[in-house]
Each structure stands twice: as C-alpha cells, then as structure tokens.
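In the numbering used here, the protein residues as written are -19 to 935.
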C-alpha cells in the first residue's frame, strides 16, 4: 500500500497489521473474511461507478475552482439568515478544533463536562434572552423547532380537550414561509388542522389549542401581542413565538408578555449562513412543559463525592425508552453550533451584545431614513433590522439590475422589496445599497461613514427591554482573547474526543473526520452564502450538491437522493412521509401499519408515529435476527393496511442477516414498502447496497458513514435515497425549489438542510473514490472481527453470522458478570474512563451489554490498546467474582477515579492507588483524568437545574 494516498491516511491498519489481524481471525485474506460475513446473494457483482480517489492536495485545488463559481454578493435577504462575524478565537479554538468537533454526544457525563458546560451556557443564554423558565440544548433549525412546539402543545392537551377534538393550530400569515412549509409537513400526519391568517383577526375559538406568531415578523415589524396573548390564554390557547435572539437584546422578551414557547435560530451569534446550515435552533418554554420538552436538556447534578457535575437530564434519551410513545424523534441536536453561539455570548457579554444589536438597528434605521428621503414608500411600523419598500414589478426589475451591478441581493416579493441589515453589514455595503436606490430615483447619494450610524432607541414603549440578561459570571469573565482561549482549552481538556483515543461506540461510527474534508467549510465562498441566494450565483454549490447526490445514489443503488433532511431522525421521518405520500397517491390512504423489529433504534418507532403510522413490533429470534415466521404472520395479518417495514442492515445486532431478501420480498408481496435505516451503511458501501437488498428508501447518516463529525452531539445530516417510483414524492421547498404537485412539504428550513457540511461528505467520497470506499468498508469489518478475536475468550459475543463472524460491530454480553459478581455493564463503562476510553454503546439494543464498533480508521496499535484495557478490566471483574476484591468497594464500582481522589490522604480502599489510576503501563505516559467522579443521575432529576447556577467562582 502506498502511504501517500488519502485512502492510506484514512484507513488505520497497514499491510503488515492486516496480515497479523487476519491471522488472529483465522482468514487467509480480507476477501475471505468478507465472503464469510456478507451473504453472496446480496454482494455487488462489480465496482461502484465512481471516479478514482484524489490526493488531499489535488482535491483542495479542484474544490477551490468549484468554490470560485459561487458569487459572493452582499445579502440583505434576511428571513432568519444573517451575516455574522465569527470571533477568530471561537473559529480557531472550537469550529476548527478536533478536540471539540470529534467529541461524541455527552451520554457519558463524566468525560463530557466541558461540552456540557458549553451547552448549559447556551441554555442559560436562551432563557435570559427569551425570558422563559426552561430551554433545551438546541434543535435542528428554526422551522423544525416551531414544528416541535406545535407537536408538543398538541400532545400536552388535557384528555378532555383532546377527546373533544381540539386540534386547530393558528399560524400568523407573517411567519417565515419556510417555517410554514415545515409546519404543513408535520401537521398533516398528526391530524392537526392549520389555520392561516392575520393574528389581528384570529377568532380564538375553543377548537384551537395553540397559535404561532413571529416577533419581529417576517417583514421586520414589531407588533404588540400583549393583550392578544392574554386573550389566547383566557380561551385555553397556548402561544408559540418565533423570535430573534439578537433582536431580543433590545426588545421586551416574549416570556415577559406571556409566551408559552419561544423558538428561533442562534445563527447570527457567530455561526456563518453556510447556504442554510448547520445552525443551532433554540427552544424555550415554561417549567410546566419540562417533561414534554423535546431534545436534550443539560442539568446540574453532583458526583459520587458530592461535587458539582453536569449531565443530560430528564427524557433526553426517552425515544429509546418510550419508542412509539415518545414526544419526539429528536436524536441529533446542533451541539457544536450551540457551543459556538454560547461562546459568542460569553466572549461579548451582555454589554457587547447590546452594542452589536444597537449598531445593527442604527444602520437599518439610517438606511430606512435615506430611502424615505429619496421619496420611496417605506414601511412605517417599528422595526429592529428589517423593513420593506413598496415597489411594483417594473421598479423592482430596474432596481435588481442596479443591485446586480453592485453585487447586492435583496428579498423581492410581488409588491415590495425587503431589506435586512446585520452585524456584518459595512458602511460600504450600505452605500452601495442606497446608491442603487438613488440611481433609480435619479437623485444624488451622500456617502455614509460609521459616524453616521447612531442608535436612538425609537422602539415603542411596549417593546423596549428593561430586564437584564447574561448576569452570570461566565458571561463577564472571558472578554479578552487570552482568557477566552484559556477557558475554551479548560473545557476541551475535560472531555474525551478522537484526539485522545478511539471511541468504540456501536451504531455511531466515530471514524476519522479528516482535516482536508473540514478545511473548506470556513472558506467564504461556501460559508458566507445565504440559502435563498439566486441560483445563478451559486453554480459551485449546485455542481457540488448535484455530484454528491449522484454519488450517493450510486452508493445506495437508488434512483434519486434528497439532501434536505438535516439529521438521521429527520431522514427517517422524511423517508416515511415519502412512503405515505406514495400510498396516498395510489389511493391507499388506509395503509398506515409499520412493522418494526424489536431490536430497532428507538427513533424508528418515534418517527413512524410522527408520520401518522401505527407501529407493530416484529420479534427477533435467539440469534438476534428478524423472526421471519413472525414477520410473515404479521405482514399477512396487516396485509390490507401494511405501509412499510423499517429494517436496519446489517442488523442492530451487528450481523448480516441471511434472510434479508426473503424479508423484503414478504413486505412487497403485501403491498408494503421497505425503509432501510442507514445507521450501518458503514458495512455496506462498495460491497452491497440497499437497492440490492430490496429496500425502497434509505436514509444516510452522513455524520457516521460519510465522515461529518459528531461535534459533541451534532451537526448531523440524514439525506434519503429512494427507488424510482418514490422519486416524485421527495421533499420540496416553497421558497427555493420548484415543487411538483406530488412533492411532500419541506422537512427542514433550508432546501438542502445543512448544506455547508455536505462539503465534508463530498470530500470523503472524492478523495477515497471507488476503490477507497470499498477498502474502508472491508477494514471496518476487519477491525471489528479482530476485536472479536481478541476478546471472545473472555467476553461472550452475543450475536454473530453463520460463519462465526460479525459485521462492523458486535455486542458483548456482560450479564453473566452481574449474576456472578454484581458487576453492571455501567461499571465497565465507567472503568474504561480510567483507561482513557469512551465506553462502547451501553445497554443498547440489549440491556446489560455493550456494543463495540472500532471503524476502519483505527490502527492495530489502537485496537490492541483498547483490547488490553478490556482484558485488564476482565481480570478485575474476576477478582471481584473470586472474592479477591470486595463486592462493593472495588475499582469498578468506584470508577472513574479522579485526580483528587487518587491524591487524597483519605484512601481506605482494598486496592492501591496505582491499580486505580495506572493499571496498564501506557497510562503513565498518557493519562486522561476524569474531572468528576461517577455522576448521580437521580439527584439531578430530583433537583432539576438547567441554567448556570449562581457560583462565587465559575470555571
């Protein structure tokens, strides 16, 4: 193998390592291993129709040429997407830092204290700005956050009102149109009746359970909703407000005039537009809805030693427990972007943010005044950063010509032009804008400078904010770059990421996120593009996204791909909605039964319910495979109403099921469609594909198989591929795409979801190429089977294929250790922290087990280090079982061991400090110290605190 290729950089084991690993497994070649593992009936007969791979140097040079095809006009479009200035200290130390972007979702609290603190800061920031009592740690985008609010309040209706059919939800006509698009998508399957109109004419009848307004509205108008909100409440109607955090630095927060839920985007807090995302949406609500609040909530708890510790609180993973009874299918948040937004607030503080907001308003007010002076018919309502000019079509056409010459984009509507000013709008931008209007009016324009923009606070009294925000010390301590840099580094050092060690999470695929794949996301040609930029200005994006779609279709064996869903769970929902639309188009509206294996990921049944379907669970046999007898019986039983089967392949148990073709055929015989969960595509690419196994639709976790980093819990992307007969039903978009009658409504706010990070997967495919993709899959299977070979004598592997191999992951059964020594799977997970490792996936899909997935990126040396740790822990468990170590006081039950604990003079355990902290030699050279002892989860739920608590010193 030539080491200078990207493939050789991405794949961990070299040729010599591969030979040793194959010997341990008992195979003569990697192809023999694949033959033993993947059923011959579903293997690809040839190579993928993709280009050969490129070197990193070649790729980046070619991408520069592609980026140059995007024209960087100054955007005044607004609509929830604004230019912003990312402080370099945040860009360099968070966005471009693998210590932040390669970390996993903070399910294991002890090794996630840094990003948990960053997310707690985010929650505090949102609560302060909105005036609400609770906030979560981010959602996908503003539109889906609004849809989640609509759904949450619908589910929270009391039984009497639900039984009476209270199912209407009012939406003001001046809510962003892309938000309305997503609301339509979510409302239909839940049988929520959306009613649109002016909030001033809303009748507030008893048939309504909720209402949504925008503050300021889509045209920038600040309206007084106080009495209206009170009247809604008097009629039992909950009020959702979509708002703007930057505007709320100056405007009375919705929580102070009665809002029940406040949603929006934190994009303009230092996160580039990126042609639509990723951005951290926010969701804040009253305390009464804390049990229904969707997404992740970070709470303050304590550890075993009684010290402050953070954790994910309440129902954070409730879709894994409640499944089809979950309040939401939300699984991916936007943690990395929420961290950036929170650090933007930490860096600027209350005073800095107020000044930024004031300067935005001052610039907007000056432009408004100049256009009025030039004789234009400008809107007169109070505004923060957006206003409009009434113009007919001919005037707009002439203005557009001037603006194109000045490289400016405005929002054009039938009878008006809208103008939005942002933080990144410079005096030069404003002069070019006003010059265009002056030329059209054949009048002179006086050039403006910074001194001409003075904030005058002309907001009406009801809108002037008087309450303080960001008063916690964390928002006032780190305003110098030195202090900010050190704060970010302190938080980073608390966490385990791929910079420390492999993260062996089954079903989560924590592979290399190559620097060359991520580098271009900060290029202005990609990062600074508004999602609703005219098509002729984004030819580079268009070519990239079209090529990516074509390649993903080839990889999956499908006809078409939609890039819109911006998370895996969103992809599940979109795929099921496409199936639903297909059945309805065929006159089969009654088809609403979804068969889901008992082993499925928890978001599967949650997504099915969101799509208006009923879940029927299919049994698994003793080998962990789908019970085909039970499947056939239930398919026949529900034949008339069968909509789909949701299946993960390879299975959630880490096995290529031999009966997969029979399984998909059973569903098709009964008129159903096969939805394949793409969580395990890491074991398919270049060897088999969903099309071959008979699937009709599949979502792809680009943050798993295709190298987008997890970012501490997001961003993610979940595009869907579909067979040709489903292509007409893919998601449309009312603002940016040409919709056909059959297209389902948008599922995300932007037409291509989080388009900026699609560049990462494009680079992954382009640099690995046809052969590299296949090699990556083979090595993912090789690495998993090598770990199995090393561990299986000490740890039972629960499921395996007919030839004794596993796919790209495996389930290790720990239940026997509990029976013999009282040792829980959680004890092993916490003990692995002492060895510097994140735990494998815990108790999913089988309680009392761990699921291990090494990925293709890990070297044999790293795999051996992990296996050595696991074998050492096995010996420690045996010592407990044999009575050598106390059943209650041992290294497993007391793990993880903090530095304070190990150095304490109060050491009264039956094992020494060296055993606790340095059980293997490598730990003396590279030791990760957990910042907390084991976190007390129950304490955190009993004493729920979801914002920064008042502390004398906050570190």
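Think of the CB as a built atom: it goes at the ideal place given N, C-alpha and C, for glycine as much as any other residue. Owing to the predicted nature of the structure, the values given are computational and were not obtained by experimental measurement.
Euclidean distance between Cα positions of residue i and residue j
i	j	result
residue 636	residue 891	43 angstroms
residue 450	residue 809	37 angstroms
residue 607	residue 676	21 angstroms
residue 917	residue 466	29 angstroms
residue 476	residue 587	31 angstroms
residue 753	residue 683	16 angstroms
residue 368	residue 400	9 angstroms
residue 427	residue 257	34 angstroms
residue 247	residue 600	44 angstroms
residue 59	residue 409	19 angstroms
residue 210	residue 570	41 angstroms
residue 315	residue 693	5 angstroms
residue 572	residue 592	7 angstroms
residue 522	residue 52	15 angstroms
residue 846	residue 767	9 angstroms
residue 290	residue 806	18 angstroms
residue 926	residue 98	12 angstroms
residue 227	residue 418	29 angstroms
residue 129	residue 26	48 angstroms
residue 78	residue 760	22 angstroms
residue 297	residue 272	Model confidence at residue 297 stands at a pLDDT of 49, short of 50, so the residue's coordinates are unreliable; what they give is reported in the following sentence. Distance between the alpha carbons of residue 297 and residue 272: 12 angstroms.
residue 776	residue 797	11 angstroms
residue 127	residue 442	28 angstroms
residue 673	residue 311	26 angstroms
residue 276	residue 62	26 angstroms
residue 769	residue 109	54 angstroms
Cross-strand partners of residue i (DSSP beta bridge)
i	result
residue 829	793
residue 701	541 and 678
residue 657	628
residue 218	190
residue 485	832
residue 847	In the DSSP output, where bridge partners are listed per residue, residue 847 has none listed.
residue 173	148
Member of the options whose CA lies at the smallest distance from the CA of residue i
i	options	result
residue 487	839, 426, 330 and 821	821
residue 801	864, 777 and 830	864
residue 432	341, 10, 209 and 400	341
residue 595	197, 803, 585 and 654	585
residue 833	218, 160 and 634	634
residue 603	735, 894, 826 and 444	826
residue 333	194, 34 and 455	455
residue 803	19, 856 and 62	856
residue 39	54, 385 and 495	495
residue 239	230, 255, 253 and 208	208
residue 154	714, 196 and 185	196
residue 913	898, 881 and 902	881
residue 824	30, 631, 868 and 734	631
residue 671	659, 685, 654 and 681	654
residue 22	700, 537 and 50	537
Check your understanding: Counting pairs of beta carbons, one from the segment 499 to 511 and one from the segment 112 to 124, are three or more of them closer than 8 angstroms?
Key -> no
Practice item. Give a yes or no on contact between the segment 242 to 254 and the segment 222 to 229, applying the rule of three or more CB pairs nearer than 8 angstroms. Key: yes
Check your understanding: Do three or more CB pairs link the segment 72 to 81 to the segment 319 to 333 at distances below 8 angstroms?
Key -> yes
Point to revise | Any 3 or more C-beta pairs closer than 8 angstroms across the segment 146 to 155 and the segment 701 to 719 | key: no
Check your understanding: Counting pairs of Cβ atoms below 8 angstroms between the segment 529 to 545 and the segment 572 to 586, do you hit three or more?
Key -> no
Exercise for review: Tell me the start and end of each unbroken alpha helix (DSSP H) in the segment 193 to 267 that is at least 4 residues and wholly inside, in chain order.
Suggested key: 206 to 214
Check your understanding: Should the segment 352 to 363 be regarded as contacting the segment 181 to 193, the criterion being three or more beta carbon pairs within less than 8 angstroms?
Key -> no
**Study point:** Cβ contact (3+ pairs, closer than 8 angstroms) linking the segment 373 to 390 and the segment 38 to 48
**Key:** no
Review point. Do the segment 848 to 864 and the segment 497 to 508 meet, that is, are 3 or more Cβ pairs less than 8 angstroms apart?
Key: no
Check your understanding: Within the chosen definition, does the segment 788 to 807 reach the segment 736 to 753 through at least 3 CB pairs nearer than 8 angstroms?
Key -> no
Review point. Would you call the segment 644 to 656 and the segment 613 to 621 touching, i.e. three or more CB-CB distances under 8 angstroms?
Key: yes
Practice item. Could you tell me whether the segment 868 to 884 touches the segment 835 to 847, using the rule of 3 or more Cβ pairs below 8 angstroms? Key: no
**Study point:** In chain order, each alpha helix (DSSP H) run of at least 4 residues that lies wholly inside the segment 710 to 797
**Key:** 735 to 771
Review point. At a cut of 8 angstroms, does the segment 81 to 99 reach the segment 257 to 268 through at least three beta carbon pairs?
Key: no
Exercise for review: Determine contact between the segment 733 to 740 and the segment 162 to 182, defined as no fewer than three beta-carbon pairs at a distance below 8 angstroms.
Suggested key: no
Check your understanding: Touching or not, the segment 88 to 105 and the segment 228 to 238, by the rule of three or more beta carbon pairs under 8 angstroms?
Key -> no
Practice item. At 3 residues or longer, and completely inside the segment 11 to 70: list those beta strand (DSSP E) runs for me, N to C. Key: none
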